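Residue 598 in full-length UniProt numbering sits at position 598 of the first sequence, and the numbers go up by one each step. No residue lacks a Cβ here, since even glycine has one placed at the ideal position from N, Cα and C. These numbers were taken from a predicted model, which means no experiment stands behind them.
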Amino acid sequence: MTTDFLSHLNPSQRQAVEHFCGPLLVIAGAGSGKTRALTYRIANLVLEHHVDPENILAVTFTNKAAKEMKERIERLFAEREAARSHDKPLEALPGHVQTKLRSQVYKTITKDLWIGTFHALCCRILRFDIEKFQDERGRKWTRAFSIFDESDAQSLVKDIIINQLNLDEKKFDPRSVRYAISNAKNKGLSPQEYEKEQPNFRGRVISNVYSVYQDKLAENNAIDFDDLILIPVQLFRQNEQIRAYWHKRFRHILVDEYQDTNRTQYDLIQLLVTNGESASKFEDWNYRSVFVVGDADQSIYSFRMADFTILMGFQHDFGDGLPDDDTRTMVKLQENYRSTENILQLANELIENNTERIDKILKPTRGRGESTFCYRAQDEIDEAEFVIQQMRRLEQMNADLHWGKFAILYRTNAQSRAFEDILVRWGVPYKIVGGLRFYDRKEIKDVLAYLRAIVNPADTLSLLRVINTPRRGVGKSTIESLQKASIELGIPLWEIISDETSVKTLAGRSAKGVSAFAAIIEKHREMLDSVSASEIVQGVLEESGYVRDLKAQGTDEAEDRFQNVQELYNAVLQYEEENEDDKSLVGFLANASLASDLDDTPEEATNVSLMTLHSSKGLEFPIVFLVGLEQGLFPSYRSLDDPAAIEEERRLCYVGITRAQERLFISHARERRLYGNREPASPSLFLAEMPRELMDTNTATSLPSKWTKSLAKGGSQTRTAAPVGAEPSDDLDWSVGDRVMHAQFGVGEITNVFGSGAKATLAIRFDGLPGMKRKILPISDRALQSID
DNA sequence: CACAACACGTTTTTT
DNA sequence: ACGTGTTGTG
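So, in structure tokens, the structure goes:
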């Protein structure tokens, strides 16, 4: 039986899955079946090595990935169980038997596996142990802690800068200060340590804001997303018993998307694995493993402190550090099951231009496929028109294609506009993936604030958010006098609000409203231990008057909000169904704070997907349009002067290309509307790095006949390309195809011209440089001369 | 205390 | 261009 299920794997996958104890780094290329490796490995640990599911910890970065992993493991076990007890494949069994098998698998195996995001897992640990923690300044929290989201954190920092420390908002922009604090936390630095690292005025001030920020969090019995990881790390460092408990518990640790870990997350994993010993000295690998899966080439989140050098350092930290061919602690999954050979070759060649990476190529397992088509558009409207014509043409030509199989990927959200307009015009159904999140909506945050205030009396921020929502006649001045009393007496705001006499003396005419509000919170707080989450939510929605108020407004917008509140109630019900053992409001709130979004509705699977390249990671589509490949847009202008940033943009491009299964279209425009005005645009550096022979284009550098032929069927909407002579060559000394001589690099040919005028840059392929490598040089480079 | 005019910034985003 | 957040007025 066991051998049978391992036969679904290729040799390297099998090597990864069968690895039992010790460290292992799995370099998993795009589309190489890494989720398969992860899930089969967990199954193998349980079935073959009889590991207790309780001893397995699997960490992911998104809830979606965690959910998918859980489902696939459950199915794996259910399939095996079906074959064993019924001698049939799972799908061949009647529905109720399948359900029974699944619930049996859940009860005996998957329920005890810890599979989740770093944040969800740490949240679980903290619900056990946070009361045993005290930070370096003696701050403490209780298990009823609130989790402040990014906007809560933002407004807290802003309040500190303006009201507490009276700093100049211009000099200390709350957003960048908040970013600095978050970065400090992600590196595991306390305010004091941060100050040591930034020994200047700005560093001192930020350290101060950071310290007051932590005071405020503690006052509110709240922590932010960064603390969710950082506090367990600090707790494990200061408390040997707690550390030893979790170290003993999680004997087999798996980490997905390891290239996305930051320093603190790495520290957490290391503490759990080695029980605090240094990683390279740790030797007690009996019945213990750490198994990390990642791909440095898909690291696209350094702007939020992800550090792919952690992945590159795994061999040194935990592994044997031997060369790739001899090592027993690294496996590369390079067979790609997703894309055609043409697409893979393009991706491989592009990423070769990066210097910081682990050598790896994606090996094709499918046919050669069709060439990638690169379209040069006049502007963003023309680009959108090209995309829709191609989609319409392909959809008509192929019976098995429907709109759900197309994706349009762009660098910035603003680019979606032109595509949305045209999709609406042609009546093509589409969905925007990502974008505004459900739990970020005002009405949802309002309701959650009620719930948080009920669970956590110290959560003053939430209390203030809804004390006058809906209107209860509690105005700014009333709130101010209540807050002032709270500060002067040194007691939480809730103590004031819930005390009738205090309210009467402080709130004057508003006293009635304040007391009514306090009564609602109090009443539901008393119900916490005896009543399920949904009942409390229902009670709050009715008695707070929130729903009544929305309905009274009678606008379309209010109706929308009401629908969303209804959705939230549904989410509570769904939570209760999925968490039979913990139907509490506390459980739901943790879940809601850490959830990015509600699940897609299934009908949307038939829509064209529009999303940023970042959102596309982990997804795949038969047909992909990679749009806006223009210098300054993609790569972004913020990365142009930083080689490391350019490499990250290149990885982003690599991610985009490797989303495509069958066909890839790339496009760029000659001019584009940006912040209201038209701006000229030049082709992206990445286009110059893509091999010509793998692409068809509508530009004169390749055969135009090919292009006209392939578009002819699509109708007359597409414009003809301007002849190449119309390049802005009149104000340039150089144009594509010119032979040049460079003092340092020798003879070469110009392959691309970026920008125009004095600040233009040239891409030159020098004959003397190995591997068709190009150099990007400023047009002002004196060492460059023309040769004919 | 509410609404309207105005200034501002604008890569990517999960938890 | 456009949405957000802050200021000013009735």
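Residue i versus residue j - alpha carbon distance
i, j, result
"Phe5", "Glu679", "57 Å"
"Asn354", "Leu493", "54 Å"
"Phe172", "Ser481", "28 Å"
"Val747", "Ala669", "30 Å"
"Gly490", "Arg472", "26 Å"
"Gln198", "Gly116", "35 Å"
"Glu649", "Glu68", "28 Å"
"Asp642", "Ser636", "11 Å"
"Arg263", "Ser289", "20 Å"
"His614", "Leu409", "9 Å"
"Ser532", "Gln104", "25 Å"
"Ser7", "Thr274", "33 Å"
"Ala28", "Lys34", "6 Å"
"Asp87", "Leu585", "43 Å"
"Gln390", "Val205", "55 Å"
"Ile467", "Ala518", "9 Å"
"Ala485", "Leu451", "24 Å"
"Glu195", "Asp307", "22 Å"
"Thr99", "Ser85", "14 Å"
"Glu500", "Gly138", "33 Å"
Same chain only: Cβ atoms within 6 Å of residue i, ignoring 5 sequence neighbours per side
i, result
"Ala16", "Val26, Ala37, Val331"
"Thr658", "Ala30, Ala347"
"Arg465", "Ala449"
"Thr469", "Asp446"
"Phe406", "Met391, Val608, Ile623"
"Pro191", "Ser207, Tyr210, Ser211"
"Ala184", "Tyr194"
Beta-carbon proximity list for residue i, same chain, < 8 Å, skipping 5 on both sides
i, result
"Tyr569", "Ser534, Val537, Gln538, Leu541"
"Ile787", "Arg739, Val740, Met741, Val747"
"Glu522", "Ser498"
"Asp730", "Residue confidence for Asp730 is low, a pLDDT of 32 falling below 50, so the modelled location carries little weight; the figure read from the coordinates is stated next. So no residue of the chain qualifies."
"Glu383", "Tyr375, Ala377, Ala418, Val627, Gly628, Ser667, His668, Ala669"
"residue 830", "Outside the displayed range of the chain (1 to 788) lies residue 830, so it cannot be described from this structure."
Residue nearest to residue i in terms of C-alpha spacing, selected from the options
i, options, result
"His50", "Ala453, Gly116, Phe20, Ala218", "Phe20"
"Ser278", "Ser515, Phe314, Trp141", "Phe314"
"Asp226", "Trp426, Asn220, Ala180, Ile242", "Ala180"
"Asp215", "Val233, Asn342, Ser7, Asp159", "Asp159"
"Phe625", "Gly656, Ser639, Leu640", "Gly656"
"Ile231", "Lys140, Ser302, Tyr213", "Lys140"
"Asp295", "Gln241, Arg357, Asn239", "Arg357"
"Thr365", "Asp359, Asn342, Glu352, Gln378", "Asn342"
"Ser477", "Ala384, Phe634, Arg509", "Arg509"
"Asn286", "Arg561, Pro23, Leu640, Gly632", "Pro23"
"Thr261", "Asp379, Gln298, Gln553", "Gln298"
"Ser302", "Arg672, Glu671, Leu652, Ala660", "Leu652"
"Tyr430", "Val97, Thr412, His402, Glu443", "His402"
"Asp52", "Lys187, Tyr213, Lys248, Asn163", "Lys248"
Whole-Å CB distance - residue i paired with residue j, under 8 Å assumed
i, j, result
"Val627", "Gln396", "With 8 Å as the limit, Val627 and Gln396 do not qualify as a contact, their Cβ atoms being about 21 Å apart."
"residue 838", "Ile147", "Here the chain comprises residues numbered 1 to 788, so residue 838 is not present and cannot be evaluated."
"Pro691", "Glu662", "Contact doesn't hold; Cβ gap of about 19 Å is too wide."
"Phe250", "Leu436", "Not really, about 36 Å apart at Cβ, beyond 8 Å."
"Thr110", "Glu74", "5 Å"
"Leu344", "Phe686", "With a Cβ gap of about 16 Å, Leu344 and Phe686 do not count as contacting."
"Glu370", "Phe61", "That pair is no contact at about 33 Å."
"Arg304", "Phe634", "Arg304 to Phe634, Cβ: 19 Å. No contact."
"Leu573", "Val455", "Between Val455 and Leu573 the Cβ distance is about 19 Å, and since that is not below 8 Å, they are no contact."
"Leu121", "Ile42", "No, Leu121 and Ile42 are not in contact; Cβ-Cβ is about 15 Å, not under 8 Å."
Sequence-distant residues of its chain with Cβ nearer than 7 Å to residue i (five each side left out)
i, result
"Thr595", "In the sequence as presented, Thr is not what sits at residue 595; that position holds Ala. Hits under 7 Å: Asn63, Tyr439."
"Gly404", "Ala605, Thr606, Asn607"
"Lys363", "Gln334, Glu335, Asn336"
Heavy atom of the ligand MN within 7 Å of residue i beta-carbon
i, result
"Pro643", "Among the components modelled here there is no ligand, and therefore nothing to report on the ligand MN."
Runs of beta strand (DSSP E) lying entirely within the region 365 to 445, each at least 3 residues, in chain order: Qualifying beta strand (DSSP E) stretches, in chain order: 372 to 377, 406 to 410, 430 to 432.
Every unbroken alpha helix (DSSP H) inside the region 574 to 633 [4 residues or more]: 585 to 594, 613 to 616
Within the region 206 to 242, ranges of the alpha helix (DSSP H) (whole runs, at least 4 residues): 225 to 238
Entirely enclosed beta strand (DSSP E) segments - the region 5 to 87, minimum 3 residues: 22 to 28, 56 to 60
Length at least 3, wholly inside the region 630 to 693: the beta strand (DSSP E) runs in chain order: Listed in chain order, the complete beta strand (DSSP E) runs (minimum 3 residues) inside the region 630 to 693 are 660 to 669, 671 to 674, 677 to 680.
Beta strand (DSSP E) runs contained entirely in the region 129 to 194, provided each spans 3 or more residues: 146 to 148
Secondary structure, alpha helix (DSSP H): runs of 4+ residues fully inside the region 240 to 277: Fully enclosed alpha helix (DSSP H) runs of 4 or longer: 240 to 249, 263 to 274.
Minimum length 4: unbroken alpha helix (DSSP H) runs contained in the region 477 to 558: 493 to 497, 500 to 507, 511 to 527, 533 to 543, 546 to 553
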